[in-house]
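To start, the structure itself, in C-alpha cells.
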Amino acid sequence: MITKLKDFRIGFDNAYYGTGRRKESIARVWLLRNTDKMIVKVKDSGKEFLLKDYVQRSSLFNKILYPLKLTGLEGKFGIYATVEGGGISGQAEAIMYGIGKALLKYNPDLRPTLKKAGLLKRDAREKERKKYGLMKARKGYRWSKR
C-alpha cells in the first residue's frame with residue numbers, strides 16, 4: 001500500500017512554480033506557502049518520499065535548500081517536486097535550480113542575489129557521447145606496436 005504524503009492542493013494562490021534541469025534530470029518544483037512539508041514524487045515509480053529520505057546525503061539536502069538559505073526564506077515555504085531521469089545527485093541539483101526559479105516568481109527583487117550565486121543559469125555540463133573506435137568518450141584501447 002502506497003501512502004500519499006501530499007495532502008495539500010497546489011493552486012495559483014498558494015504556490016510558485018519553477019523548472020530545474022541538470023545532466024539528464026528534470027525537476028518540476030512548487031514552493032507552497034501554507035505548509036512546511038518537503039515532498040519528492042518520482043515520476044517513473046509514482047511514489048512519494050520525504051525530501052530528506054529521498055536524497056539521503058545531508059550534503060545534497062543542504063545543496064537543495066541553498067537558494068532558500070541564501071535569500072533568508074528558509075522555513076517559510078514547503079517544497080513539492082516531481083523528478084525524472086538521471087541519478088539522485090543530478091535530481092537534487094535540478095530541484096535546487098527549480099527552487100531558484102520559483103523564488104524569482106515569488107519575488108523578482110531576489111534576481112540579483114540568485115543570479116550572483118548562479119542559480120538562474122542552467123548547468124550545461126552533460127555526459128559526453130561515446131565515439132567509435134574508443135572504449136568510452138575519450139578512453140582508447142591500449143596501443144601496442146607488435
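Sequential numbering from 1 applies to the sequence shown in the UniProt record's numbering. For glycine and all other residues, C-beta sits at the position ideal for the given N, C-alpha and C.
Query                                                                                                                                  : Result
State the DSSP-derived secondary structure class of Leu31, mapped to helix, strand or coil.                                            : strand
Spatial neighbours of Tyr80 within its chain, please: C-beta separation below 7 Å, excluding the five flanking residues on both sides. : Lys6, Ile10, Trp30, Leu32 and Ile39
Measure from the alpha carbon of Lys130 to the alpha carbon of each residue in Lys37, Gly140 and Lys121, then state which is nearest.  : Gly140
Quick check on DSSP: helix, strand or coil for residue 147?                                                                            : In the structure displayed, the chain extends from 1 to 146; residue 147 sits before or after that span and is not available.
What's the gap between the Cα of Met96 and the Cα of Phe61?                                                                            : 9 Å
Just tell me which of Gly90, Thr82 and Arg21 has its CA closest to the CA of Lys47.                                                    : Thr82
Would you kindly report the start and end of the unbroken alpha helix (DSSP H) that includes Glu93?                                    : Ile88 to Tyr106
Nearest by alpha-carbon distance to Ser45: which of Ala137, Ser89 and Gly85 is it?                                                     : Gly85
Per the contact definition of three or more C-beta pairs closer than 8 Å, is the region 119-129 in contact with the region 14-27?      : yes
Is the region 106-125 touching the region 48-60, taking contact as three or more C-beta pairs under 8 Å?                               : no
What would DSSP say about Leu50, mapped onto helix, strand or coil?                                                                    : strand
By DSSP's criteria, Val83 is part of a beta bridge. Which residues make up the other side?                                             : Ala27 and Val42
Tell me where the alpha helix (DSSP H) around Arg111 begins and ends.                                                                  : Arg111 to Lys116
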